[in-house]
Structures are given as structure tokens and as C-alpha cells.
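In what follows, a structure is listed as C-alpha cells, so that the remarks can point back to it.
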Amino acid sequence: MQFKAMILDNAEVSPGYWRMRMTAPAEMLEAKPGQFVMVRVNPSIDPLIRRPFGVFDVGTLQPAYTGAVPQPYLEILYRVVGKGTGMLSTLHENDILDILGPLGTGFDNGPSGEEKLIVGGGVGLAPLYLLAKELVKDSPVRLFAGGRTKDDVLCITEFERLGVECYTATEDGSLGECGLVTKVLEQRLDATANKGQIFACGPHGMLKAVAGIGAKRSVKTQVSLEGYMACGMGACLGCVCQGAEHSADNPDYRCVCTEGPVFEAAELKWEGN
Amino acid sequence: MKPVMSVEIGSLKLRNPVMTASGTFGYGKEFSQYVDLEKIGAFVTKGLSLKPRAGNPTPRIVETPGGMLNAIGLQNVGIDAFVQKKVPFLRSVNTPAIANFFGYTPDEYAELASRLDAIPEVAALEVNISCPNVKQGGIVFGTDPNCAASVVAACRAATKKTLIVKLSPNVTDIVEMAQACEGAGADALSVINTLTGMAIDLERRRPVLANVTGGLSGPAIKPVALRMVWQVAKAVKVPVIGIGGIMSATDALEFILAGATAVQVGTASFVNPGAAQEIAEGMEQWLAERGIADIKSLIGALEG
Chain V
18 MQFKAMILDN AEVSPGYWRM RMTAPAEMLE AKPGQFVMVR VNPSIDPLIR RPFGVFDVGT
78 LQPAYTGAVP QPYLEILYRV VGKGTGMLST LHENDILDIL GPLGTGFDNG PSGEEKLIVG
138 GGVGLAPLYL LAKELVKDSP VRLFAGGRTK DDVLCITEFE RLGVECYTAT EDGSLGECGL
198 VTKVLEQRLD ATANKGQIFA CGPHGMLKAV AGIGAKRSVK TQVSLEGYMA CGMGACLGCV
258 CQGAEHSADN PDYRCVCTEG PVFEAAELKW EGN
Chain L
1166 MKPVMSVEIG SLKLRNPVMT ASGTFGYGKE FSQYVDLEKI GAFVTKGLSL KPRAGNPTPR
1226 IVETPGGMLN AIGLQNVGID AFVQKKVPFL RSVNTPAIAN FFGYTPDEYA ELASRLDAIP
1286 EVAALEVNIS CPNVKQGGIV FGTDPNCAAS VVAACRAATK KTLIVKLSPN VTDIVEMAQA
1346 CEGAGADALS VINTLTGMAI DLERRRPVLA NVTGGLSGPA IKPVALRMVW QVAKAVKVPV
1406 IGIGGIMSAT DALEFILAGA TAVQVGTASF VNPGAAQEIA EGMEQWLAER GIADIKSLIG
1466 ALEG
């Protein structure tokens, strides 16, 4: 689906990290956790290519006055890393964006009642909030949020409001455990004798570590990948990642945009990547 | 009054001059949600090879000012999977599908041309002799007029369908290449493929693309493409298909004035998946507003 969205709110939630809410068609409410949107930052040719963002949240604003209609909305959480996201952060309420989505394959929620361990690094939390919102409906959910400093740990309050038990870790010790978030995840898995399922999104190094933990402990692990892509619909083939059996002689590339962005960690190749 | 928008490329009749460029439109189906395929002139498939090709390592693409570099490496499903999995969709669409293809030897080119010739759903063939991102395939045939002529002649002997040759801009004299291909039996020439370029990550002191170099596309290359279309169109009798940074109906019309009979929309489809249809509709509107009865009257109508 392609639609024009009006920005309702665009605020810096932590230094360098922004959260944007915009209007959306009602179909957007059907977005599955883990799906993403492609945002055209402006109608000019610079930046030219759309930017992909995980769907942080969707919902419906109740009518502000008698007779008004409910307004579905979409939220994204993004970090300013370059020109495109820099320009996005300068936009205001009532500005219009062109959006494609929801795109890609989302998370498999897994069996109800089973413990769900969500692992997010930095802005990798973006697609995990909508996931947590779904999972808390029928399962105990724990969030493991990591970052370099406390500024990189985002939106914990929102997760807590859902009833998610949150654990944090920072590399400089400015919030929560000092060290990597995977250490905290392993402590929990030790305590529960490896019960539950893992859902992760974050920097590649973190995902690789989480995939290793899942494999070693036989815990089903899904990861949401980032990919540098031009189209978001499987045409440009720019965003591919390697399947587990990939080799130079027997190549196995998967499109992050259509076959992912969520993959079972065991399906992907991690060594050497 | 509704202007006449139909044009002919060899024996291929197009309802309007707007096609989608190879590698930017999948195999058609990927975009069917966003584009009414029956509102565009034709669509061109991702380049096909005899065997499936995995393509290059990542990063494969990077944005540059007004454009993008890609080094996909001709990843494609191969001709067998194309026939099994992609052709059934082509049958369902009342718009010509043009199969783009490439090989590693003139024999391979000819074999592919012959196999594509036998597929009724393939309306025409576009032979890629100009991919800049694959070491053996394509580019060697795209930079030497004699090599190009031998490949085109081999394909010509293998198909009666309209044979389009896609030219590389990465040559000293594109006119020489165009004439060689025309002489070897090409029915039309697609001008241009991407320009070889490079992007550097300063802090890491490394090339951004895993392939080091890639093909530049998008609005940044439009002036170069226009110049080459203009040069080639003056020098050959066969129709020229203008390609390079077309983002709007006015961009497309500039290529028609420069001598193109039709155009291909590429990178624009990534930015706006409905671009090809919008451009076709915008061209028709532009003509209607000016009382121009037939798009063909604009082909090569550049003055001065």
C-alpha cells in the first residue's frame, strides 16, 4: 500500500533518537510486528531513495470532539544517522510524507503462555514495541534492552506500561547492568533452564551473539535484520543476506525486504559475517 | 482530443512509449500492486542467464547525490526457473514483456535468445552487453564493437522476435558501438545502461560497495544519457530507447525530443513504484494540453 501521511508528532526521545507519529489508513492497523515501512523523506531527488523503518506502533486516536472520526496512526522510532534521517528530524506536525507499507514478513508470535524474551539494542527496539504489545496478550514477556550509554536505551517506560518486565544493560554502566545485554539474557535463560523463545533486533554484533546463544541453548530465536535497500519489494536485490548454507559455490541469498526482515536465526549464516 | 501515444519498436507495438528498465521492476509481478501494468507500454524483466546467478556480496547498493550505485551482480533465477515460475504471470498481463538476458560467450547468448524466442509470453528480447558489475559477463562485449557485433549476430540468428541491444555508456565512442550493433541485426538500441562509479567510506578508508565499483543510475545521469541518445539517434536508423534518470513525464519527453522512440523508467520505480504509469499518463496529458496529436511527431524533433 502507498499512502500520504500527515505528521502528528515528531519528537526527540533521547539524544539523537526520534519518535514520529503520523496518520495512516485503517489497513495499517493490520501491520504485523516486525513489518516495516519505506518513507520518502521529501519529494525532491536528494535524498532520492526511500528509507526503511520498522513499525514501532500502530493505533487509533479517538475522536477529539463529537462528530469527528477516529484516526488510525503509525509510529516509527529512528536514529539520526545521515542526511535522510537528519531531514526527517526537521519535519513538523502537518508536514506530509509518502509511505509504502506495511512491507516484509513479521515475527511469528509463537505458542501462547510460553515466556517471550525480547532483546533490543539501541534503535533496534523500533519493531519490538508492537511485538511486545501483541505478545503480552497471552504470554509473560521480558525485555532485555541494551545500548552503549543510557541515552541509547529507549522507551523503557512504554514497555513497562504494557506489563513487560524490563532489564537494561549499558556498556558504560550508566543504566542497568554494566556490559552487554546478552549477559543479562543468559542470566535469565540460566534461571529458567532455557525456557521460552527469543525475539531480537539490533546491531549485527548483538544479533550474532543472540543467535549463538539461541543455537547453543536450543532456544528458538527470531531476528529482525536491517538491510540497505532501494525498493522494499524484492526488486532491487540490494538488501540480501546469506542463508545458513551459503557458500561461494552454493550461494543462498535471501531478500531482507520480502523474505525478512524477520528470519529464524538458525536459517542464516553468521560465521564470517 | 486524445493524442496518439502508440509507438513501434521493430515489430513490437507499444500502447505508449513508457517501459520499465531491467533490474528495477523484478519480473513484473512485484510491482503489480502499485502499477496498472496495462497502462504502460511494456516491462523488461531482470536480466536472465542460462544458470541461476547468486550475484555479488553486500553492500550492493549505496545512495549518492541524485542517484544510486548498484553492484547487484546480475542475481537472477535463471532461464529454467523463469519459465516455470515467472512466465505464468506474464501470460495474465495484456502488456508486452521483454526478456533481458546475458551470457558469457556468444554461444550462450545465442542459446538464451533461442530459448526465449520459443516462449510465446516473451514479446521481445533485450540483450545486455553492458553490465558493469560482472567481470566476465557483459561488459567485455559492450566495449568492443567487433565483440558486440558477434554477440548481436549470434542472437539475431537465433530469434525472429524484436531484438533490442542495451548499450553501455562506459565506452569512448557510443556511436561506433551503436552502428556495430545495428549492422549486426539489432532492431533497436537501449541507451544507456549505468555509468561505472564508486563511493568511498572516508572513516573506514574503504569502498562502500563490496564490489568496489558499481553502476550509477538516477537523475544524476540524465544529462549524460540525453547526450548519448541524441548522438546515437542521429547515427542509426533503428529506434532508440532512451534510459537514464527519467523521473517525470517531462524528463521522458526530453528523451523523445533527443531522438528516442520510447523510454525506460528505472531507478524512479524504486522511489515511487507507480512512476512508470504516472509518467505515461503525464506524457499524454502534456501532449493533450498542447494540442499535439501524435507522440511520434516529437521523436527527434529537437530544434536548433
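In order, the protein sequences belong to chains V and L.
Quick note, the first sequence lines up with residues 18 to 290 if you use my numbering.
Quick note, the second sequence lines up with residues 1166 to 1469 if you use my numbering.
Built from N, CA and C at the ideal position, the CB exists for glycine as well.
Note that the structure is a prediction, hence the values are computed from the model and not measured.
Could you check whether residue j and residue i sit closer than 8 angstroms to each other, using their CB atoms as the reference points?
| i | j | result |
| --- | --- | --- |
| V16 of chain V | I113 of chain V | Coverage of chain V is limited to positions 18 through 290, which leaves residue 16 of chain V absent and any answer about it impossible. |
| Q1442 of chain L | K1211 of chain L | no |
| A48 of chain V | V86 of chain V | no |
| F1134 of chain L | M1170 of chain L | In the structure as shown, chain L begins at 1166 and stops at 1469. Residue 1134 of chain L is therefore absent and cannot be evaluated. |
| N1358 of chain L | S1279 of chain L | no |
| F1190 of chain L | S1434 of chain L | yes |
| Q19 of chain V | L120 of chain V | no |
| I1444 of chain L | Q1429 of chain L | no |
| G163 of chain V | V140 of chain V | no |
| L1213 of chain L | F1254 of chain L | no |
| V158 of chain V | V136 of chain V | no |
| V1436 of chain L | R57 of chain V | yes |
| Y95 of chain V | L108 of chain V | no |
| L192 of chain V | T185 of chain V | yes |
| K133 of chain V | Q239 of chain V | no |
| G289 of chain V | L242 of chain V | no |
| P1385 of chain L | G1410 of chain L | Looking at the sequence shown, residue 1385 of chain L is not Pro but Ala. Yes, Cβ-Cβ distance for A1385 of chain L and G1410 of chain L is below 8 angstroms. |
| L78 of chain V | M39 of chain V | no |
So, helix, strand or coil for residue i, using DSSP?
| i | result |
| --- | --- |
| A85 of chain V | coil |
| L1467 of chain L | coil |
| G35 of chain V | Reading off the sequence shown, one finds Trp at residue 35 of chain V, where the question assumed Gly. If DSSP states are grouped into helix, strand and coil, W35 of chain V belongs with the strands. |
| K167 of chain V | helix |
| C1320 of chain L | helix |
| F124 of chain V | coil |
| I1386 of chain L | helix |
| T185 of chain V | strand |
| R68 of chain V | strand |
| D112 of chain V | coil |
| E1291 of chain L | strand |
| Y1269 of chain L | coil |
| K100 of chain V | helix |
| Y270 of chain V | strand |
| P1310 of chain L | helix |
| K1326 of chain L | coil |
| G1348 of chain L | helix |
| I1411 of chain L | coil |
| R159 of chain V | strand |
| S1355 of chain L | strand |
Quick one: which chain V residues come within Cβ less than 8 angstroms of residue i?
| i | result |
| --- | --- |
| F1196 of chain L | M250 and A252 |
| I1237 of chain L | C253, L254 and G255 |
| M1412 of chain L | I62 |
Within 8 angstroms (strictly less), CB to CB, does residue i reach chain V?
| i | result |
| --- | --- |
| V1252 of chain L | no |
| T1189 of chain L | yes |
| P1384 of chain L | yes |
| Y1199 of chain L | yes |
| T1157 of chain L | This structure cannot speak to residue 1157 of chain L, because chain L is shown only from 1166 to 1469. |
Identify the contact partners of residue i in chain L, using a Cβ-Cβ distance below 7 angstroms as the criterion.
| i | result |
| --- | --- |
| Y184 of chain V | Per Cβ cutoff of 7 angstroms: no residues; Y184 of chain V is ~32 angstroms from chain L at best. |
| I66 of chain V | E1228, M1233, F1435 and V1436 |
| A247 of chain V | I1226, M1233 and F1435 |
Quick check on residue i - is its C-beta less than 8 angstroms from some C-beta in chain L?
| i | result |
| --- | --- |
| I62 of chain V | yes |
| P119 of chain V | no |
| Q19 of chain V | yes |
Strictly below 9 angstroms CB to CB, what residues from chain C border residue i?
| i | result |
| --- | --- |
| R57 of chain V | This model lacks chain C altogether, as its protein chains are V and L. |
So which residues on chain L does residue i lean against when the C-beta distance must stay under 9 angstroms?
| i | result |
| --- | --- |
| P268 of chain V | P1217, R1218, A1219, G1220 and Q1240 |
Pair every Cβ in the stretch 1346–1355 of chain L with every Cβ in the stretch 1171–1183 of chain L, then say whether three or more of these pairs are closer than 8 angstroms. yes
Mind the definition here: the stretch 1225–1234 of chain L touches the stretch 275–290 of chain V only if three or more C-beta pairs lie below 8 angstroms; say whether that holds. no
Check whether the stretch 202–209 of chain V and the stretch 237–251 of chain V touch, using three or more Cβ-Cβ pairs below 8 angstroms as the test. no
When the Cβ atoms of the stretch 1220–1231 of chain L are set against those of the stretch 274–282 of chain V, are three or more pairs found closer than 8 angstroms? no
Tell me, please, whether the stretch 31–50 of chain V touches the stretch 222–229 of chain V by the rule of three or more beta-carbon pairs shorter than 8 angstroms. no
For the stretch 1394–1401 of chain L and the stretch 1328–1340 of chain L, state whether three or more C-beta atom pairs, one from each stretch, are separated by less than 8 angstroms. yes
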